[in-house]
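Here is the structure we will look at, set down as structure tokens.
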Amino acid sequence: AQSVTQLGSHVSVSEGALVLLRCNYSSSVPPYLFWYVQYPNQGLQLLLKYTSAATLVKGINGFEAEFKKSETSFHLTKPSAHMSDAAEYFCAVSVSSGSARQLTFGSGTQLTVLP
Amino acid sequence: KAGVTQTPRYLIKTRGQQVTLSCSPISGHRSVSWYQQTPGQGLQFLFEYFSETQRNKGNFPGRFSGRQFSNSRSEMNVSTLELGDSALYLCASSLASGGRSTGELFFGEGSRLTVL
Chain Y
67 AQSVTQLGSH
77 VSVSEGALVL
87 LRCNYSSSVP
97 PYLFWYVQYP
107 NQGLQLLLKY
117 TSAATLVKGI
127 NGFEAEFKKS
137 ETSFHLTKPS
147 AHMSDAAEYF
157 CAVSVSSGSA
167 RQLTFGSGTQ
177 LTVLP
Chain R
11 KAGVTQTPRY
21 LIKTRGQQVT
31 LSCSPISGHR
41 SVSWYQQTPG
51 QGLQFLFEYF
61 SETQRNKGNF
71 PGRFSGRQFS
81 NSRSEMNVST
91 LELGDSALYL
101 CASSLASGGR
111 STGELFFGEG
121 SRLTVL
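The listed protein sequences derive, respectively, from chains Y and R.
Residues in the first sequence are numbered consecutively from 67, following my numbering.
Residues in the second sequence are numbered consecutively from 11, following my numbering.
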């Protein structure tokens, strides 16, 4: 079975500081990995995805993530936090189940940006 | 290009009632998935439809059902509502389904159901 674990349900950073949100995955096959962001009372928006091409993936809003097979990690980073980055972030792994695929999500990390 | 549209956005029901939620996928997307989001359980997969066929189903009771129409629009139904069904129900669409796809999903804003 494939799964993801997000370390830290709440992360606080100061505006302008580095953002680091941690995600570790468990997969018996090469995974497809995703980061989504959710703003209050909204759906999920795709930030970036890893699909076995480049291990360093750049996404929207200045975010990027690096796939590290040896560490089974896919941590999300942004060099300088902005107030508008405050939201909940979800890491997800794509799971093949018979003829279908589905996303299995981590439990989420709430990011707070302090002025 | 219009995104995924879910209706209604908010609704309140009482225990024992039933509810139907609607989802219109992005034009050209044939796969529609449904997820339930609650503070306690997080995001949980309900089911996926592709070309009017349910391709995958999560671990939910039979009170939860869905269908997909020939235009790819989808509905989900919850019968005999319980307090624990209060949640944000998210619909997501994708171009393809199955092993050939990467699983990238495009989500709607959700339907927030409150059961009293």
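Virtual Cβ for every residue (Gly too), placed ideally from N, Cα, C.
Expected contact under 8 angstroms - CB spacing of residue i and residue j to nearest Å
i	j	result
R/Gln47	R/Leu91	Contact flag wrong, Cβ pair sits at about 17 angstroms.
R/Tyr59	R/Leu53	R/Tyr59 to R/Leu53, Cβ: 18 angstroms. No contact.
R/Ile22	R/Thr124	5 angstroms
R/Gln16	R/Gly120	6 angstroms
Y/Thr121	Y/Val85	The Cβ separation is near 19 angstroms, so there is no contact.
R/Arg83	R/Tyr20	Going by Cβ atoms, the distance from R/Arg83 to R/Tyr20 rounds to 20 angstroms, so no, they are not a contact pair.
Y/Ser75	Y/Ser173	7 angstroms
Chain R contact for residue i (CB, 8 angstroms cutoff)
i	result
Y/Gln168	yes
Y/Leu177	no
Y/Glu129	As written in the sequence, residue 129 of chain Y is Phe, which differs from the Glu given in the question. Answer no: the Cβ-Cβ gap between Y/Phe129 and chain R never drops below 8 angstroms.
Y/Gly74	no
Y/Ser92	no
Where the beta strand (DSSP E) through residue i begins and ends
i	result
R/Ile22	Tyr20 to Lys23
Y/Glu132	Glu130 to Lys134
Y/Asn90	Val85 to Ser92
Y/Glu137	Counting along the chain, Y/Glu137 falls outside any beta strand (DSSP E), and DSSP gives it neither H nor E.
Y/Tyr105	Premise fails: Y/Tyr105 is in no beta strand (DSSP E) and is neither H nor E.
R/Leu93	Looking at the DSSP string, R/Leu93 is not in any beta strand (DSSP E), and its letter there is neither H nor E.
R/Gly76	Phe74 to Gln78
R/Gln54	Gly52 to Phe60
Y/His76	His76 to Ser80
Y/Thr121	Counting along the chain, Y/Thr121 falls outside any beta strand (DSSP E), and DSSP gives it neither H nor E.
R/Asn87	Ser84 to Val88
Within-8 angstroms CB hit, residue i to chain Y
i	result
R/Gly113	yes
R/Asn66	yes
R/Val62	The question names Val, but residue 62 of chain R is Glu in the sequence shown. No, no contact with chain Y.
R/Glu58	yes
R/Leu53	yes
R/Glu85	no
R/Leu100	yes
R/Phe70	no
R/Phe117	yes
R/Ser75	no
7 angstroms Cβ shell around residue i - same chain, five flanking residues per side excluded
i	result
Y/Leu140	At residue 140 of chain Y the sequence reads Phe, which differs from the Leu that was named. Closer than 7 angstroms at Cβ, skipping near neighbours: Cys89, Tyr91, Leu99, Tyr116, Ala131, Phe133 and Cys157.
R/Gln27	Leu91
Burial state of residue i, where buried means 16 or more other Cβ atoms lie within 10 Å
i	result
R/Phe79	exposed
R/Leu126	exposed
R/Thr73	Checking the displayed sequence, the identity of residue 73 of chain R turns out to be Arg instead of Thr. The residue is exposed, with fewer than 16 neighbouring Cβ atoms inside 10 Å.
R/His39	buried
R/Ala102	buried
Y/Thr175	buried
Y/Pro97	buried
Own chain partners of residue i with C-beta closer than 6 angstroms, once the 5 adjacent residues on each side are dropped
i	result
R/Ser75	Asn87
Y/Gly125	Leu113 and Leu114
R/Pro49	none
Close beta carbons around residue i, own chain, < 8 angstroms, minus the five adjacent residues each side
i	result
Y/Leu169	Phe100, Ala158, Val159, Ser160 and Val161
Y/Leu180	Ser78, Val79, Ser80 and Glu81
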